[in-house]
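Encoded as structure tokens, the structure appears first; notes follow it.
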Amino acid sequence: MGSVSLNTPPTGMPQVPEPDLHQVLTPDGHRRPDHDLDPWLQDVTAPMLAGLHRDMTVIRRLDTECTHLQRQGELALWPPLLGQEAAQVGSAAALRREDYVFPSYRENGVAYLRGVDPLGLVRLWRGSTYAGWNPAEANLAAQQIIIGAQSLHAVGYAMGLQRDGADTVAISYFGDGATSQGDVNEAMVFAASYHVPVVFFCQNNQWAISEPVSLQAKRHIADRPWGFGIPAMRVDGNDVLAVLAATRRALERARNGGGPTFIEAVTYRMGPHTTADDPTRYRSAEEVEAWRAKDPIDRVEAYLAATLTDADRDPDGVGPLTVERVREVSEAAADQMATALRAGVAELADPGPEALFEHVYAEPHYELERQREHYRLYLAQFDGEQLEAGAR
Ligand SMILES: Cc1ncc(C[n+]2csc(CCOP(=O)(O)OP(=O)(O)O)c2C)c(N)n1
Ligand SMILES: [Mg+2]
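The sequence shown begins at 2 in our numbering and counts up one residue at a time.
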């Protein structure tokens with residue numbers, strides 16, 4: 002593996018670069034040399050790319066299925082990640098099992114790659130559980146709705162890791178809009194001051210609900226961290242290899258005592274902010290079409306089509322590895338996930354209104370018991386049918 006030194010500003014004289022966009026796979030599938038990222042991509046093989054293609058395809062299907070489930074009344078809300086598959090898969094693939102992830106509501110693909118059962122995500126967005134997975138098992142915190150708050154949690158956790166002398170890194174995911182929040186800026190001050198093993202991973206998807214990034218950032222988002230003394234890299238977030246390399250580089254730097262790094266993954270939210278949003282009210286169809294041409298899955302297929310030869314063997318079969326075969330395997334994995342998800346949703350039990358009182362305190366609490374009894378008596382006034390409707 003290559004050098005882990007980043008272009009750290011000299012002490013006392015911060016250098017504020019205008020970072021260029023790092024890209025190793027062009028939208029039409031050509032491999033571009035990148036001095037900073039290439040050393041982190043030495044192990045990339047066709048089967049590995051096929052695996053990244055499969056993961057992106059599966060999370061795209063997961064996202065589409067959940068959007069449909071919301072439209073069919075099965076979920077209360079869903080925040081689509083369509084278009085952001087490379088940013089989520091590339092970064093999550095770089096993580097070690099023991100690294101700890103602090104996500105926002107949009108990192109459903111990252112959650113999938115951390116081993117979270119998609120049904121856990123569905124139960125969460127259906128409102129039938131407070132947590133769809135055990136954070137300690139997946140090393141994935143609960144999804145954060147308070148914009149940017151998870152960056153403080155990540156830095157606090159990383160300060161603990163530092164004190165434990167652990168060989169582990171915390172990573173915080175957030176959006177472009179979140180970089181305008183106090184929490185993210187405070188987190189960067191602490192991260193830089195204590196030189197903690199944390200990676201700030203910003204998916205700049207161009208929009209904070211209906212507010213374009215151009216309104217709240219007069220320079221690149223990646224320029225901001227330099228002011229805190231945190232080196233930053235601006236990468237093509239629709240380029241899974243560039244994201245993988247940049248995240249590996251930042252993680253290794255943190256692991257080796259190099260402190261925090263900020264990654265701006267430049268991508269695009271192809272769908273609505275959530276299923277409650279109508280993006281046609283604030284952005285043009287031309288803008289969306291321009292980004293469609295930069296699709297993260299298409300470019301991996303184009304690259305494979307241009308580079309696969311008969312010498313590339315299908316790891317699961319007898320013949321050569323072809324783009325058709327890669328697509329087939331990815332679609333089969335997506336079908337399998339979607340079938341299990343649909344079957345699981347049909348069997349989900351409603352926890353009932355009294356579940357509200359569970360897990361508030363670790364131990365029984367007389368005031369909570371009083372409230373629970375009061376609520377039980379209130380509910381007893383209704384018949385079962387009304388109760389069920391009210392519980393949704
Ligand atoms: C502290 C706080 N303020 C406002 C909101 C309402 N809100 C929800 S999502 C969002 C936009 C976030 O945009 P961005 O950080 O770019 O993330 P994206 O949704 O694009 O992934 C806002 C303002 C909130 N959840 N929390
Ligand atoms: Mg955004």
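Just so you know, even glycine gets a beta-carbon here, dropped at the ideal spot from N, CA and C. In this text, all values refer to a predicted model and were calculated from it rather than measured experimentally.
Whole-number beta carbon distance between residue j and residue i, since they are thought to touch under 8 Å
| i | j | result |
| --- | --- | --- |
| A155 | V199 | 5 Å |
| P316 | E86 | Contact flag wrong, Cβ pair sits at about 22 Å. |
| E265 | A223 | 4 Å |
| L78 | A347 | That pair is no contact at about 20 Å. |
| H331 | R55 | Before going on, a small fix: residue 331 reads as Ser here, not His. Yes, they are in contact, since the Cβ atoms of S331 and R55 sit about 4 Å apart, within 8 Å. |
| G238 | Q207 | Their Cβ separation, rounded to whole angstroms, is 10 Å, which puts G238 and Q207 out of contact at 8 Å. |
| Q163 | Y195 | 7 Å |
As assigned by DSSP and simplified to three states, the class of residue i
| i | result |
| --- | --- |
| A233 | strand |
| E99 | coil |
| G1 | Coverage of the chain is limited to positions 2 through 393, which leaves residue 1 absent and any answer about it impossible. |
| V267 | strand |
| Q163 | helix |
| H69 | helix |
| S105 | strand |
| P213 | strand |
| A284 | With the sequence shown as reference, residue 284 is identified as Arg, and Ala is not the correct amino acid for it. Three-state DSSP puts R284 in coil, outside helix and strand. |
| P226 | helix |
| L42 | helix |
| L322 | coil |
| A243 | helix |
| T248 | helix |
| D21 | coil |
| R293 | helix |
| R300 | helix |
| A77 | coil |
| T58 | helix |
| T262 | strand |
| L53 | helix |
| A306 | helix |
| L83 | coil |
| A171 | strand |
| R32 | strand |
| R314 | strand |
Reference residue i; option with closest CA among the options
| i | options | result |
| --- | --- | --- |
| V185 | N206, S152, R55, G161 | S152 |
| Y304 | T281, F229, G30 | G30 |
| W126 | N109, A139, V361, L141 | N109 |
| E329 | V25, T58, D35, D39 | T58 |
| V267 | A233, G74, N257 | A233 |
| L26 | V241, E325, A306 | V241 |
| G116 | P136, S105, E368 | P136 |
| A335 | R61, A251, D37, D21 | R61 |
| E355 | G345, L380, E368, P365 | L380 |
| L82 | D39, Y113, G149, D100 | Y113 |
| A209 | A150, M49, F175 | F175 |
| A350 | E75, V45, V289 | E75 |
| A171 | R164, A159, S92 | A159 |
| P119 | H274, Q182, L70 | L70 |
| V244 | Q89, Q382, Q163 | Q89 |
| G258 | P365, A167, R124, G320 | A167 |
| P40 | R250, G320, R293, L369 | R250 |
| A192 | A255, G178, N239 | A255 |
| R225 | Q182, E212, G157 | Q182 |
| E374 | A363, L357, E364 | L357 |
| S285 | V236, P213, G230 | P213 |
| T65 | P273, T310, Y283 | P273 |
| T310 | P321, R300, V301 | P321 |
| A341 | I231, Y362, V123 | V123 |
| T80 | R270, Y367, A179 | The sequence shown places Pro at residue 80, not Thr. When only C-alpha atoms are compared, the closest one is R270. |
| T262 | A339, T68, L63, M189 | M189 |
| E187 | G228, T169, G161 | G228 |
| A51 | H366, A344, V361, V301 | V301 |
Residue i beta carbon near ligand 4 (any heavy atom closer than 6 Å)
| i | result |
| --- | --- |
| I146 | Ligand 4 is not among the ligands present in this structure, which contains only ligand 1 and ligand 2. |
Closer than 7 Å to chain C by CB, residue i
| i | result |
| --- | --- |
| E329 | Structure shown: chain C not included; a single protein chain is present. |
Open item on the list: Beta-carbon distances below 6 Å to any heavy atom of ligand 2 define the shell here; list its residues in chain order, please.
Closed with: My final list is G176, D177, G178, N206, W208, A209.
Task: Contained beta strand (DSSP E) runs [length at least 3] in the segment 182-209, N- to C-terminal order - done: Taking only runs of at least 3 residues, the beta strand (DSSP E) segments lying wholly in the segment 182-209 are 199-205.
Open item on the list: For a minimum of 4 consecutive residues, which ranges assigned as the alpha helix (DSSP H) are wholly contained in the segment 325-382?
Closed with: 367-380, all fully within the segment 325-382.
- [ ] List in chain order: all unbroken alpha helix (DSSP H) runs of 4+ residues lying wholly within the segment 116-163.
- [x] Look at the segment 116-163 and you find these whole runs of alpha helix (DSSP H), each 4 residues long or longer: 119-127, 136-139.
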